[in-house]
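Asker: Have a look at the structure that comes next, please.
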Amino acid sequence: MNSEIKKIFIEAKLNQYYNNVCDITNKLIEKYEDLDFKLIFDDEHMLYHMIINNKIDVVIRDDNTFDEIERKLIHSVYNYSQPIDCFICNTSTCLFITCPKCETYICNKCHKKIHIEGKGIFNCPKCEYQMGIKLNRVQLRKSLIKMDKMYEVNKKRRENL
Ligand SMILES: [Zn+2]
Ligand SMILES: [Zn+2]
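Going by the working numbering, the sequence shown runs without a break in its numbering and finishes at 850.
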């Protein structure tokens, strides 16, 4: 691609991203009148951050939808330390993770199942987002022990927020 066209292409993409971010933010401002919203653009990583009440930082990626950001907001503002219902098995628990893409809640047991089935690769049951690397048997066993600690740490962290 010629560099001038490339520049125009990047600008168009950024414009589209900006419009999407504004759209989501405006809808949230309307719906959550009691909250304060600010937008910050991190130009090093080319990412928009939504700062809620001057303390909660929610990253908005260019492919995020309103529902995804609203879920992140509800999770971080209103019920951080509350138990959640697992998307897969419906168990209510405080030991869970959220998908980094769609913020779906997955309990520790289901997360482990996904982890073992994917041999270390996380595959979101809702949005199919994938992350992680393939592990051998020894690495997999070690990572499962680490995970148990991680749920507890995350739970504590949320309680202290
Ligand atoms: Zn579950
Ligand atoms: Zn997901």
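For each residue, glycine too, the CB sits at the ideal point set by N, CA and C.
Span of the beta strand (DSSP E) holding Ile-729?
Answerer: Residue 729 sits at position 40 when you count from the first residue of the sequence shown. It spans 726-731 - the beta strand (DSSP E) in which Ile-729 sits, taken as one unbroken run.
Asker: Taking only three categories from DSSP, how would you classify Phe-776?
Answerer: Position 87 of the sequence shown, counted from the start, is the residue given in the question as residue 776. Looking at Phe-776 - three-state DSSP - the assignment turns out to be coil, as it is neither helix nor strand.
Asker: Is Cys-788 near ligand 4, going by C-beta to nearest heavy atom under 7 Å?
Answerer: Within the structure as shown, ligand 4 is missing, the only ligands being ligand 1 and ligand 2.
Asker: Hey, how far is the Cα of Ile-810 from the Cα of Ile-803?
Answerer: As a position in the sequence shown, residue 810 is number 121, starting the count at 1. As a position in the sequence shown, residue 803 is number 114, starting the count at 1. Near 8 Å, if we compare the C-alpha coordinates of Ile-803 and Ile-810.
Asker: Between the Cα of Asn-843 and those of Asn-779, Pro-772, Leu-824, Lys-823, spot the shortest distance and give me the residue it belongs to.
Answerer: Counting from 1 along the sequence shown, the entry for residue 843 is found at position 154. That would be Pro-772, whose Cα lies nearest to the Cα of Asn-843.
Asker: For Asp-756, which of helix, strand or coil comes out of DSSP?
Answerer: The residue given as residue 756 occupies position 67 in the sequence shown. In the structure shown, Asp-756 sits in a helix (DSSP, three-state: H, G or I).
Asker: Tell me whether His-734 is buried or exposed, calling it buried when 16 or more other Cβ atoms sit within 10 Å of its Cβ.
Answerer: Start at 1 with the first residue of the sequence shown, and residue 734 comes out as number 45. That one is exposed.
Asker: Using three-state DSSP, classify Thr-714 as helix, strand or coil.
Answerer: Here residue 714 corresponds to residue number 25 of the sequence shown, with the count starting at 1. Thr-714 falls in the helix class under three-state DSSP.
Asker: Write down the C-beta distance between Val-748 and His-764 rounded to the nearest angstrom, noting that I regard them as a contact closer than 8 Å.
Answerer: Residue 748 sits at position 59 when you count from the first residue of the sequence shown. Residue 764 sits at position 75 when you count from the first residue of the sequence shown. With a Cβ gap of about 13 Å, Val-748 and His-764 do not count as contacting.
Asker: On the DSSP bridge list, what partners appear for Met-820?
Answerer: Your numbering for residue 820 matches position 131 in the sequence shown. In the DSSP output, where bridge partners are listed per residue, Met-820 has Phe-811.
Asker: Just the C-alpha distance for Val-827 and Cys-813, rounded to the nearest angstrom, thanks.
Answerer: Position 138 of the sequence shown, counting from 1, holds the residue named residue 827. Position 124 of the sequence shown, counting from 1, holds the residue named residue 813. Rounded to the nearest angstrom, the two C-alpha atoms are 24 Å apart.
Asker: Provide the residue span of the alpha helix (DSSP H) that contains Cys-799, from first to last.
Answerer: Taking the first residue of the sequence shown as 1, we reach residue 799 at position 110. That run of the alpha helix (DSSP H) goes 797-806.
Asker: Is it the case that the Cβ atoms of Asp-751 and Tyr-818 are separated by a distance below 8 Å?
Answerer: As a first step, residue 751 must be located in the sequence shown, where it is residue number 62. As a first step, residue 818 must be located in the sequence shown, where it is residue number 129. No, these two residues do not count as a Cβ contact at 8 Å.
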